[in-house]
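Numbering (UniProt numbering), first residue to last: 1 to 363. Please read the structure below before turning to the comments.
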């Protein structure tokens, strides 16, 4: 598949662009892309020929480097934050790469949490997924155990299928569609109806109980979830409209169809909700009926993929991370459709947000 990028490029994260702001999706100069992760200062890309990192690498900017991993096994996944990257191998072995020092460190072991599991694997429980955050990293094992690398996370005896890390919080999605969260809650990002933090245990997000969530995403201080019915729920910090709640003057414009002109969205509206501590469903412009299949959150923006292969975004757009020039749209409190590259087939396979940037995977 192909990787396309827009947004913040001060460190040369996208080698195809020379400017610090990329306001439309452009193709990343690597072929046979199998996966990628975007952070504030770099992009980690897994291809059929190896693992690459671009941007700030080894103390230098505007680098595109193929990494030599200490172990030659097949790489399953890469995940990165602004200062480091995790590389997961087929055996479940995990390595940590430092962008600044250009060095590797193996994560030797993970401490299991003691709880009953329906899945037994003779004591062997390899890691199958990793997620880098700013404050901590999270790993997910084959049996559904979640770990703040390398210590276990304490939560009720349920099997976890996905983890998502924000700057100071984390979301866990279980096989039954329940969502748990823990970490800092100062901007409502935990979704528990208050601004309190959960440092000891992961706690269920009660407002999502019974909805069967299929995907979760964590931004710096906001969160999002997609249900099996195709609805999008969002909560947390909404300073730049990243929750996609179109209220007050902007909601009226959307209903009248006046918000189609991007200049209508240039100024902030003080009538908007800035913190939401419980999940609420996101309403599309003109109250369109949509089915969401994927979501990713940046620092102050949110990108979603619909089942009709269209990509939408809302929130902060200072660096073009919504795929449109910041001169036209600085931020938007309602979902806007992103323009896909003419060179693409139009088949969107997924979306991925960095702090101030967006990546789209195309067939």
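Backbone N, C-alpha and C fix where the C-beta goes; we use that ideal spot for every residue, glycine too.
Residue i Cβ short of 6 angstroms to the ligand ATP heavy atom set
i           : result
residue 357 : Ligands are entirely absent from the displayed structure, and the ligand ATP is therefore not among its contents.
DSSP bridge partner residues for residue i (one or two, in chain order)
i           : result
residue 105 : 96
residue 164 : 171
residue 147 : 139, 152
residue 294 : 305
residue 224 : 217, 234
residue 229 : According to DSSP, residue 229 bridges with nothing at all.
residue 359 : 5, 352
residue 276 : 236
residue 201 : 154
residue 310 : Its beta-bridge partners do not exist; DSSP assigns none.
residue 130 : 139
residue 284 : Paired residues: none, contrary to the question.
residue 182 : 170
Cβ-based neighbour list, residue i, same chain, cut-off 8 angstroms, excluding 5 preceding and 5 following
i           : result
residue 47  : 30, 31, 32, 33, 34
residue 26  : 4, 5, 6, 14, 16, 17, 341
residue 109 : 150
residue 257 : The predicted model places residue 257 with a pLDDT of 38, which falls under 50 and marks its position as unreliable; any figure quoted below should be read in that light. Same-chain partners within the cutoff: 286.
residue 179 : 171, 172, 173, 191, 204, 205, 208, 213, 216, 225
residue 132 : 37, 39, 79, 80, 81, 84, 85, 86, 165
residue 337 : 310, 311, 312
residue 51  : 44, 45, 66, 67, 69, 75, 78, 87
Alpha-carbon to alpha-carbon, residue j and residue i
i           : j           : result
residue 107 : residue 224 : 30 angstroms
residue 268 : residue 240 : With a pLDDT of only 42 at residue 268, under 50, the local geometry of the prediction cannot be trusted, and the value read off the model is given with reservation. Going by the C-alpha atoms only, they are around 8 angstroms apart.
residue 135 : residue 104 : 19 angstroms
residue 236 : residue 216 : 13 angstroms
residue 91  : residue 161 : 18 angstroms
residue 166 : residue 72  : 30 angstroms
residue 23  : residue 323 : 5 angstroms
residue 169 : residue 189 : 7 angstroms
residue 326 : residue 302 : 16 angstroms
residue 204 : residue 221 : 18 angstroms
residue 87  : residue 317 : 30 angstroms
residue 396 : residue 70  : Outside the modelled stretch of the chain, which goes from 1 to 363, sits residue 396, for which no answer is possible.
residue 174 : residue 146 : 10 angstroms
residue 364 : residue 242 : Here the chain comprises residues numbered 1 to 363, so residue 364 is not present and cannot be evaluated.
residue 59  : residue 288 : 47 angstroms
residue 192 : residue 63  : 42 angstroms
residue 154 : residue 202 : 6 angstroms
residue 359 : residue 200 : 34 angstroms
residue 44  : residue 129 : 15 angstroms
residue 8   : residue 210 : 38 angstroms
residue 352 : residue 273 : 25 angstroms
residue 65  : residue 54  : 6 angstroms
residue 112 : residue 148 : Low per-residue confidence applies at residue 112: pLDDT is 48, beneath 50, and the placement is therefore not dependable, though the value from the model is reported in the following sentence. Roughly 11 angstroms between the two C-alpha positions.
residue 261 : residue 293 : Low confidence applies to residue 261: its pLDDT is 38, below 50, so where it sits in the model is not reliable, and the reading given next is rough at best. If I take the Cα positions, the gap works out to 27 angstroms.
residue 194 : residue 286 : 31 angstroms
residue 137 : residue 159 : 19 angstroms
residue 244 : residue 182 : 23 angstroms
residue 102 : residue 96  : 10 angstroms
residue 233 : residue 300 : 16 angstroms
residue 28  : residue 19  : 14 angstroms
residue 304 : residue 89  : 29 angstroms
Integer-rounded CB distance, given that residue j should sit under 8 angstroms from residue i
i           : j           : result
residue 306 : residue 290 : 5 angstroms
residue 357 : residue 279 : Wrong, their Cβ atoms sit about 25 angstroms apart, outside the cutoff.
residue 37  : residue 78  : 6 angstroms
residue 61  : residue 11  : 5 angstroms
residue 39  : residue 354 : 5 angstroms
residue 94  : residue 139 : 7 angstroms
residue 331 : residue 313 : With 8 angstroms as the limit, residue 331 and residue 313 do not qualify as a contact, their Cβ atoms being about 11 angstroms apart.
residue 152 : residue 231 : Going by Cβ atoms, the distance from residue 152 to residue 231 rounds to 32 angstroms, so no, they are not a contact pair.
7 angstroms Cβ shell around residue i - same chain, five flanking residues per side excluded
i           : result
residue 184 : 168, 169, 197
residue 275 : 187, 188, 237, 238
residue 1   : 33, 349, 361, 362, 363
residue 346 : 309, 340
residue 116 : Residue placement at residue 116 is flagged as unreliable, the pLDDT there being 38, under the threshold of 50; the coordinate-derived value follows with that caveat. If we look at residue 116 and ignore the five residues flanking it on each side, its Cβ neighbours are 157.
residue 212 : 177, 227, 228
residue 49  : 32
residue 374 : Given a span of 1 to 363 for the chain in the structure shown, any question on residue 374 remains unanswerable.
residue 100 : 59, 83
Chain-order list of residues whose beta-carbon lies under 6 angstroms from that of residue i (same chain, five-residue window excluded)
i           : result
residue 119 : Any reading at residue 119 needs caution, since the residue's pLDDT is 41, under 50, leaving its predicted position unreliable; the model's value is listed next. Excluding positions up to five away in sequence, the list reads 143.
residue 283 : none
residue 98  : 84
residue 126 : 92, 142
residue 21  : 319, 320
residue 214 : 226, 228
residue 114 : Low confidence applies to residue 114: its pLDDT is 38, below 50, so where it sits in the model is not reliable enough to give any reading.
residue 41  : 11, 55, 56, 82
Minimum Cβ-Cβ distance from residue i to chain D less than 7 angstroms
i          : result
residue 57 : Included in the structure is just one protein chain, with no chain D present.
Quiz prompt | Minimum length 3: unbroken beta strand (DSSP E) runs contained in the segment 13-96 | solution = Along the segment 13-96, the beta strand (DSSP E) occurs as fully enclosed runs of 3 or more residues at 21-27, 33-38, 42-47, 50-57, 60-66, 75-80, 84-89, listed in sequence order.
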